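Notes to accompany the following structure.
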Amino acid sequence: MTFFEAKIPPIRELRHPETALAHGALSCPSPKQYRSQKPHECPIFSQADRSFTQGSICPLLPALGIMCSLPKTVVLLHGAVGCGSCANGNNLNVRAGNAQRGRSSGDVVWLSTALGELNVVGGGEAKLGEALLEADRAFKPEVILAVSGCLPGVIGDDLDAIVARVQPQTKARLMAVHCEGFKSRFMATAYDVVYHALGRHLMPEPSKKIEKLPDTVNVMNVGSMGLVDENELSRLLAGIGLKTNFFPVFSDPLSFHQAAAAILSVSVCPTHDDYFLTRLEEQFGVPYIIHHMPIGIENTRLWLTDVAERTGRQKEAKKLIIKEEKELNLALKEFKPLLAGKTAFIAAGEYRSLATSSLLRELGFIIKGIRSFHFDQYAEVELEKLTRANQEFIYNVANVQPFEEANLLKRNPPDIFLGHWHGNSTAARLGIPTQVIYNSGYAYLGYQGVYDLARRLHRRLSHSSFYRRLGRYASLPYRSQWYQENPFSHIRNRGVQ
Amino acid sequence: MTSFPYIERPRWTCALGGALAAAGNLPQTVPILHAGPGCAGNFAWTNNGAAGLAVTGQCLSLSVPSTNLQENEVVFGGLDRLSEEIVHTLEIMEGRLFIILTGCLPEVIGDDVESLVRDFKAKKVPLIHASVPGFLGDSYLGYEELLKTLFREVVKPSAAKDPALVNVWGVPPTLDPFWRGNILGLDELLKLLGLRANFFFGPQATLPGIKNSSKAALNIVVSGLYGRQAAEVFQNIHSTPYVLAPLPFGAGASERFLRLVGRALKIPSRKLSSIIDSAGTAHYTYLEPIVDVYNDMEAQRHALVVGDANYGLALTDFLAEDLGWVPELTVITNDVSSDQQNQLLDFRRQTGGTIPEKLIFEHRASQIKKMAEEIWPASGQKKYYNSRRPIFVAASSLERTLAADLGAAHLSLSYPVANRAILKRGYTGYSGGLSLTEDVVGACVAGR
Chain A
1 MTFFEAKIPP IRELRHPETA LAHGALSCPS PKQYRSQKPH ECPIFSQADR SFTQGSICPL
61 LPALGIMCSL PKTVVLLHGA VGCGSCANGN NLNVRAGNAQ RGRSSGDVVW LSTALGELNV
121 VGGGEAKLGE ALLEADRAFK PEVILAVSGC LPGVIGDDLD AIVARVQPQT KARLMAVHCE
181 GFKSRFMATA YDVVYHALGR HLMPEPSKKI EKLPDTVNVM NVGSMGLVDE NELSRLLAGI
241 GLKTNFFPVF SDPLSFHQAA AAILSVSVCP THDDYFLTRL EEQFGVPYII HHMPIGIENT
301 RLWLTDVAER TGRQKEAKKL IIKEEKELNL ALKEFKPLLA GKTAFIAAGE YRSLATSSLL
361 RELGFIIKGI RSFHFDQYAE VELEKLTRAN QEFIYNVANV QPFEEANLLK RNPPDIFLGH
421 WHGNSTAARL GIPTQVIYNS GYAYLGYQGV YDLARRLHRR LSHSSFYRRL GRYASLPYRS
481 QWYQENPFSH IRNRGVQ
Chain B
1001 MTSFPYIERP RWTCALGGAL AAAGNLPQTV PILHAGPGCA GNFAWTNNGA AGLAVTGQCL
1061 SLSVPSTNLQ ENEVVFGGLD RLSEEIVHTL EIMEGRLFII LTGCLPEVIG DDVESLVRDF
1121 KAKKVPLIHA SVPGFLGDSY LGYEELLKTL FREVVKPSAA KDPALVNVWG VPPTLDPFWR
1181 GNILGLDELL KLLGLRANFF FGPQATLPGI KNSSKAALNI VVSGLYGRQA AEVFQNIHST
1241 PYVLAPLPFG AGASERFLRL VGRALKIPSR KLSSIIDSAG TAHYTYLEPI VDVYNDMEAQ
1301 RHALVVGDAN YGLALTDFLA EDLGWVPELT VITNDVSSDQ QNQLLDFRRQ TGGTIPEKLI
1361 FEHRASQIKK MAEEIWPASG QKKYYNSRRP IFVAASSLER TLAADLGAAH LSLSYPVANR
1421 AILKRGYTGY SGGLSLTEDV VGACVAGR
């Protein structure tokens, strides 16, 4: 039985019990230690937690990032009225993404069952059933995603049963998506719960004969990449004679079945994709590559070479890579003198933080520290690339936790900080110039991404007055004593090895 | 409350979010969330698209201490985790007041937070607790619960009253995207009457000011709905009476505000008239330069107003009275009971100001669109008909599509405001009225 036959997908902690570690602990303070101890053997790298924590990101947030982008879809949040209000933030990305794709940029349709005290006592199932019917009638969508917040998980509402009961009465396809925040410390569980629903409900019947699409590869996009990044990957793959099928972000849910017809699936972000790629291979015989993230020159080369090898296009790829790298290196000459020797600190999702660090090294930066939201087996290859250079850097695994970041940055401020959405204000208030590590309006991936990030870093570092002035007057909410303490003093091992 | 099975694109978040937006904007205060792992992140992402770009505060966004409850605590209880979190918060975070805000999870599993708080209080830790789970209601309710907790736990009793001191609330931080500026505008008005005011929240507020707010001679709630119950609590404990006043956008509403407060404090009416006359004269000195063009461009508009209980009434009043426009439809987007609806209408009648031509309570953008289309049907019908155009949409960012469909100018004013940067701007008082005129008329001439 595959995971997809179960109603509820496994959380990351269960799916990768040996290697999916460190939801929030200090991992390896230095490459030296990394080399002597593989991360999963490193005691401080195991499933530790903290005795003090700040707000974090639960699986619901990034899951909504994907769900809100789906056209012809209504997102029905089943929970208290606050759960899912982050759709206000997701809406920005959706409007921009639709505009980039030349679609009308209406607002995300999201609804909340707004469970109240009566529902806590008497259950919310009836309300959910009525809401599904009403949403179907009012909006006539193709798909309604019934998404559970924490509350139904505690009061015991059976989301799947309600969806199954109501389905015969609606035109829209109904799907349950399990996003109870308290169930997993891995924000990345978000991707699995969404893919679980899509994989269970929108793929062809396994018995159905599927006409393969020659020369077409699936590229799994992520909410943090915009059309400009998709276009770059399309351009590179077209350069070796391949057509691309991007999904799931911004693609019509009823077109997902096309993924079964591709000759190969390629991951852009291994943190994001492994759950669904295995599904595509097991069920539909679509092989996959999950190895590198095409951020940086070497990573783009490796990513493209992998695809070329699997599709028998090594010669074309080699030619293309030589031409592209030559052109890019020439173009980077304008920026490199200023960037060389500058120090950087990076904080973001697991894979993006590590891959972006490699890119920065290629531009001449010295990496002072990296913070990842989590760490698992897929990222070992990325961390290894970074330890080759024999430069010491701090590696800290944390689901946000800016108090540790503030301590690290104050001790040893870098020239620039690259952080996740809502992850840059600590550094900025310390007066450190920052650059957001993803923004779906800008290029980050492929060769174009290297150039464009270099261009923006050059601009920021040569015009950073905003941060200098902010740092002089702004403050952070920590006591001065905190900066004297070991930044990792609140990490403790729960004893799980 | 609506018996409808869902709220469409709620224009607020939950009680916890409202309480956090308020607590995080109290002076020298550190909120501590005892809640699920994504609540703080959810509020940050919410406000990113809704609060005029304002997300970060001294201890807001993802800096706020939070127990981030996991399955283990949901099964075995979260008090140990909370206790540990408090101890370390006191070590790490800079603050003089610490407020535990409990969300859905601990409230359902039954954590006895009160007894834990008592233990800390016994050790002289300045710690209080507000129970604000999301299932209790919306952010307005969270704001009100936080106020009540402050009045009960932080404000020190004082029998002596200072006749020149007032307290003002009813402007919920963040839910009112212009709250900081609106506080400044109110302060400006009260200064005209020679009064000092506590606003509790924002850069000007101080903790001693809050603690001594019991000395105020009058509490002014600038809302027909938000903060009324808190005013009752304050009155019961600290014996300060209160008045309800509409949020005063612009000159007309400011005049009524000054009279209302002046009367409550027994300021002689001749003195009030003189204050109002000179403030009005000064105000119109600033407005006069655009009168030529305002007239020549035929700036008078028919309007659709969409906002919460404060903004729905205040914007309608401003557009009708100060600009002399024609608000055809006013939509109040709160999910409120029919009792509260009547309460709000009574409040409007009693406090003066424009009574909306057509007022409805509706949270569904899809329904608002239908009602607007009834008033403004697609043209091309009869040769002669009253088109009620040109139209101006004074609403939230969610009405942009509707405005485009109506061929109307649009300005995001009420939550969610996604497409404006808001720092100090506010619309209360005389100077706020000038800002609102600039913004509204500015939106009409954007393509000029």
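Going down the list, the protein sequences come from chains A and B.
Residues 1 to 497, numbered by the working numbering, are exactly what the first sequence covers, in order.
Residues 1001 to 1448, numbered by the working numbering, are exactly what the second sequence covers, in order.
From the three backbone atoms N, C-alpha and C, an ideal C-beta is built for every residue, glycine too.
In this text, all values refer to a predicted model and were calculated from it rather than measured experimentally.
{"Query": "Can you list, in chain order, the residues of its chain whose CB lies under 6 Å from that of P31(A), leaving out five sequence neighbours each side?", "Result": "Only weak support is given to the placement of P31(A): the predicted model assigns it a pLDDT of 45, under 50, and the value that follows is read from those uncertain coordinates. Cβ neighbours of P31(A) beyond the five flanking positions: T387."}
{"Query": "Where does the unbroken alpha helix (DSSP H) through Q435(A) begin, and where does it stop?", "Result": "That residue, Q435(A), is in no alpha helix (DSSP H); its beta strand (DSSP E) goes T434 to V436."}
{"Query": "Is there at least one Cβ from chain A nearer than 8 Å to S1061(B)'s Cβ?", "Result": "yes"}
{"Query": "Here's a check: name, in chain order, each residue in its chain whose Cβ is nearer than 8 Å to the Cβ of I370(A), leaving out the five neighbours to either side.", "Result": "F345, I346, A347, S353, L354, S357, L386, F393, I394, Y395 and N396"}
{"Query": "By the criterion of Cβ-Cβ separation under 8 Å, what are the contact partners of L330(A) in chain B?", "Result": "Those do not exist, as L330(A) stays about 38 Å from chain B at its closest Cβ, beyond 8 Å."}
{"Query": "Run through chain B and tell me which residues come within less than 8 Å of A340(A), C-beta to C-beta.", "Result": "The contacting residues do not exist; A340(A) stays about 32 Å from chain B at best."}
{"Query": "Within its chain, find whatever has a CB closer than 7 Å to the CB of R313(A); leave out the 5 residues flanking it on each side and keep chain order.", "Result": "I240 and G241"}
{"Query": "Can you tell me the Cβ-Cβ gap for E230(A) and F256(A), rounded? I've got them flagged as a contact below 8 Å.", "Result": "Not a contact, Cβ separation roughly 16 Å."}
{"Query": "Who pairs with E1008(B) in a beta bridge, going by DSSP?", "Result": "L111(A)"}
{"Query": "Would you mind stating whether S104(A) and N399(A) have Cβ atoms separated by less than 8 Å?", "Result": "no"}
{"Query": "Note down the Cα distance separating D160(A) from I290(A), rounded to an integer number of angstroms.", "Result": "31 Å"}
{"Query": "Report yes or no: do three or more beta-carbon pairs, one from the stretch 1413–1432 of chain B and one from the stretch 1179–1190 of chain B, lie closer than 8 Å?", "Result": "yes"}
{"Query": "Report all residues from its chain with a CB closer than 7 Å to the CB of S1397(B); omit the five preceding and five following residues, and keep chain order.", "Result": "S1412, P1416, V1417, A1418 and N1419"}
{"Query": "Strictly below 7 Å CB to CB, what residues from chain A border I1092(B)?", "Result": "F52, F403, Y478, R479 and W482"}
{"Query": "Are at least three pairs of beta-carbons, each pair with one atom in the stretch 417–435 of chain A and one in the stretch 456–469 of chain A, less than 8 Å apart?", "Result": "yes"}
{"Query": "Cβ atoms of A1035(B) and L1105(B): under 8 Å apart, would you say?", "Result": "yes"}
{"Query": "Among L233(A), I162(A), S51(A) and E309(A), which one has its Cα closest to the Cα of H1088(B)?", "Result": "S51(A)"}
{"Query": "I'd like the span of the alpha helix (DSSP H) that includes R468(A), first residue to last.", "Result": "S465 to Y473"}
{"Query": "Which residue marks the beginning of the alpha helix (DSSP H) containing A80(A), and which one marks its end?", "Result": "Element bounds for A80(A): n/a, residue is neither H nor E."}
{"Query": "Kindly list the residues whose CB is nearer than 7 Å to the CB of Q37(A), restricted to its own chain and excluding five residues on each side of it in sequence; keep chain order.", "Result": "Any reading at Q37(A) must be qualified, since the residue scores a pLDDT of 49, below 50, and its modelled position is unreliable; no value is offered."}
{"Query": "When the Cα of S475(A) is compared with those of L1060(B), H1302(B), R1448(B) and G1307(B), which residue comes out closest?", "Result": "L1060(B)"}
{"Query": "Per DSSP, P1173(B) forms a beta bridge with which residues?", "Result": "D1176(B)"}
{"Query": "Give me the chain B residues within the contact set of H422(A), using Cβ-Cβ distance strictly less than 9 Å, ordered along the chain.", "Result": "G1041, A1044, W1045, N1048, V1055, T1056, S1061 and L1062"}
{"Query": "Given N1310(B), which residues of its chain have a CB within under 6 Å of its CB, disregarding the five upstream and five downstream residues?", "Result": "S1223 and L1247"}
{"Query": "For the stretch 1403–1418 of chain B, which residues have a CB atom closer than 7 Å to at least one CB atom of chain A, in sequence order?", "Result": "P1416 and A1418"}
{"Query": "With 16 other CB atoms within 10 Å as the buried threshold, where does R459(A) fall?", "Result": "exposed"}
{"Query": "Taking the alpha carbon of T216(A) as the reference point, which residue from S207(A), L264(A), F250(A) and R173(A) has its own alpha carbon closest?", "Result": "L264(A)"}
{"Query": "Taking all protein chains shown into account, decide if I295(A) is buried (16 or more other Cβ within 10 angstroms of its Cβ) or exposed.", "Result": "buried"}
{"Query": "Show which residues of chain A have a CB atom less than 7 Å away from the CB atom of L1069(B).", "Result": "F182"}
{"Query": "Using a Cβ-Cβ cutoff of 7 Å, what residues of the stretch 1004–1021 of chain B are near chain A? List them in chain order.", "Result": "P1005, Y1006, I1007, E1008, R1009, P1010, T1013, C1014, L1016 and G1017"}
{"Query": "List, in chain order, every chain A residue whose beta-carbon is nearer than 9 Å to that of T1401(B).", "Result": "S104, S105, G106 and D107"}
{"Query": "Measure the Cβ-Cβ separation of E405(A) and F488(A) and say whether it is below 8 Å.", "Result": "no"}
{"Query": "Output needed in chain order: residues of the stretch 343–359 of chain A with a Cβ under 8 Å from some Cβ in chain B.", "Result": "none"}
{"Query": "Helix, strand or coil for E1357(B)? Go by DSSP, reduced to three states.", "Result": "coil"}
{"Query": "Using 8 Å as the threshold, is the C-beta distance between V1233(B) and F1151(B) below it?", "Result": "yes"}
{"Query": "How about V1113(B) and L1090(B): are their beta carbons less than 8 Å apart?", "Result": "no"}
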